Every structure is written in C-alpha cells, then in structure tokens.
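Chains X and L are the protein sequences, given in the same order. Start counting the first sequence at -8; every next residue gets the next number (this note's numbering). Start counting the second sequence at 965; every next residue gets the next number (this note's numbering). Shown next, in structure tokens, is the structure this report addresses.
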Amino acid sequence: KNQVEQSPQSLIILEGKNCTLQCNYTVSPFSNLRWYKQDTGRGPVSLTIMTFSENTKSNGRYTATLDADTKQSSLHITASQLSDSASYICVVSLMDSSYKLIFGSGTRLLVRP
Amino acid sequence: KAGVTQTPRYLIKTRGQQVTLSCSPISGHRSVSWYQQTPGQGLQFLFEYFSETQRNKGNFPGRFSGRQFSNSRSEMNVSTLELGDSALYLCASSLDRFQETQYFGPGTRLLVL
Chain X
-8 KNQVEQSPQS LIILEGKNCT LQCNYTVSPF SNLRWYKQDT GRGPVSLTIM TFSENTKSNG
52 RYTATLDADT KQSSLHITAS QLSDSASYIC VVSLMDSSYK LIFGSGTRLL VRP
Chain L
965 KAGVTQTPRY LIKTRGQQVT LSCSPISGHR SVSWYQQTPG QGLQFLFEYF SETQRNKGNF
1025 PGRFSGRQFS NSRSEMNVST LELGDSALYL CASSLDRFQE TQYFGPGTRL LVL
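Right, dumping it as structure tokens:
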C-alpha cells in the first residue's frame, strides 16, 4: 500500500535551535518527494522537490535529504525562527500516468522565543 | 503574477444543502487539483483537472464533483452536505500535469451546521 509516514507528529523547539523532521514512504513507483510548509489557515507552500537521483536540496535555512534505497527523507531546519512555526508536510508523487500525490499527515512545529 | 485565488474564503451551510467553490489558477497554468483538509485526516486528494477533463480522482463519494472551464478556472461542487464535509478546501495549480511545483490557493473554509 502506498503510504507516507511523518515523525514526530509535533515538535517544540527554542528559537535559534536546529531541528530535523522525518518522512518514510512506501510509495512505488516513485517519481519525486516534496516538502511543503503550511502556516495555520493558509495553503501549503513548496519548500523543496527531489527526484530519485537527488540526495539533498536546500532552500535557505531548509535542507531536505533523500535516501531512495531506504525510502527515507528528512527536512533539516537551521537556526529556527518564530516564523518557522507551521505544519510541514511530506508528499510523494507516483511515477505513473495517474500523477497521484500521496500526502503525509504532517509534523506540527512550534518555535518558542 | 497573481497567485491562485479561491472564492469564497469562508462559507457556512446547513446539512442537505449544496455548495460550489471556485478556483482561479495562476495565469498560464492548465492543471488544477482540489484537496480537502481536516484536522483528523490531513490533506486528501479530491480530483485533478487538466484541459477541461478530469484526469484523476481520489476516494470521495459522488457528492463531490468538479469541472474546469476553457480558461482553466475550476469549480468544485458538493451536494447534500454532511457535517463531516466541514473542512478547508484547497485548490492547487501547476503548468501541466507533470510540472514539479503545485501552487496552492488560500483555501475555502466550509462549515456545515
């Protein structure tokens, strides 16, 4: 069954600290993996997209890694800011004509001053 | 370039009524996807339209339907509303079906009483 699991469900960190969010998937065939940031009450915003052949991709203080062999991805946030408080959603795309996206349930991050 | 717009932003309906939500994609984008987001289920895929044709459908009952117009604008209709339909409905657009990045609108928050 195609699934995307994220951990932890929620996380609280202090401003300025780093954190890492995890995403494990069983989606096959795999096309790409995306990380989205969603502020409360708003639509998701794309942070990174990685294909099978990419191991890491950065977007400012956000760095995503992908291990296609173990089917794991992580999103590392460096020097967190209060504005990083949001839900982070991992999404995996199927490589077939359906163009189906499989969504994780998200990690809710709270950055405290 | 204007982003994805959704109208209305908020809506209150009663059980049994029907509702139509509208989505205007980014200019030039031909693919529009709809998602339902609830606290308990996270983001769930409803359907995708491309060139006025439904190309993909999620696991939702037939009460949920949609269409896309020649200018790529899309509407989603929910008939015979149930309490469980209360959710944030998100629309996302992309250049074409296999475009990497989807751009999400702010969503329509529907409350069914």
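Glycine residues also receive a C-beta, built at the ideal position from the N, C-alpha and C atoms. Note that the coordinates shown come from a computational prediction; the quantities given were computed from them, not determined experimentally.
Problem set entry | Status (buried if at least 16 other CB within 10 Å, exposed otherwise) for Asn9(X) | exposed
Problem set entry | Under the three-state DSSP convention, the category Gly1069(L) falls into | coil
Exercise. Between the stretch 1055 to 1074 of chain L and the stretch 995 to 1013 of chain L, do three or more beta carbon pairs fall short of 8 Å?
Worked result: yes
Problem set entry | Residues of the stretch 1011 to 1027 of chain L whose Cβ lies closer than 8 Å to any Cβ of chain X, in chain order | Glu1012, Arg1019 and Asn1020
Problem set entry | Residues, ordered as in the chain, of the stretch 50 to 61 of chain X that lie near chain L by beta-carbon distance below 9 Å | none
For this session: Consider the Cβ of Pro35(X): report whether some Cβ of chain L lies at a distance smaller than 7 Å.
Result: yes
For this session: Tell me whether Arg1004(L) sits in a helix, a strand or coil according to DSSP, three-state version.
Result: Looking at the sequence shown, residue 1004(L) is not Arg but Gly. Coil.
For this session: Specify the secondary structure class of Ser1043(L) as computed by DSSP and reduced to three states.
Result: coil
Exercise. For Gln1001(L), which residues from the same chain have a beta carbon less than 8 Å from its beta carbon, with the 5 sequence-adjacent residues on both sides left out?
Worked result: Leu1007, Gln1008, Ala1051, Leu1052, Tyr1053, Leu1054 and Gly1071
Problem set entry | Closest by C-alpha distance to Thr969(L), when choosing among Gly34(X), Leu2(X), Lys28(X) and Thr17(X) | Gly34(X)
Problem set entry | CB contact flag (Gln29(X), Ser78(X), <7 Å) | yes
For this session: Check the C-beta distance from Thr56(X) over to Ser64(X) and give it rounded, since I have them as a contact under 8 Å.
Result: 6 Å
Exercise. Any Cβ of chain B within less than 7 Å of the Cβ of Ser76(X)?
Worked result: Judged by its chain identifiers, the structure shown contains no chain B, and its protein chains are X and L.
Exercise. Between which two residues does the beta strand (DSSP E) harbouring Asp135(X) extend?
Worked result: Given a span of -8 to 104 for chain X in the structure shown, any question on residue 135(X) remains unanswerable.
Exercise. Of the residues Pro989(L), Gln1066(L), Arg979(L) and Lys977(L), which one's Cα is nearest the Cα of Glu1039(L)?
Worked result: Pro989(L)
Exercise. In the DSSP assignment, what residue or residues form a beta bridge with Phe1033(L)?
Worked result: Phe1033(L) pairs with nothing; no bridge assigned.
Exercise. Which stretch, first to last residue, makes up the beta strand (DSSP E) that contains Gln970(L)?
Worked result: Thr969 to Thr971
Exercise. Is the CB of Phe94(X) under 7 Å away from at least one CB in chain L?
Worked result: yes
Exercise. In chain L, which residues lie with their C-beta within 7 Å of the C-beta of Gly97(X)?
Worked result: Gly1006
Exercise. Would Arg25(X) be called buried (16 or more neighbouring beta carbons within 10 Å of its own) or exposed?
Worked result: buried
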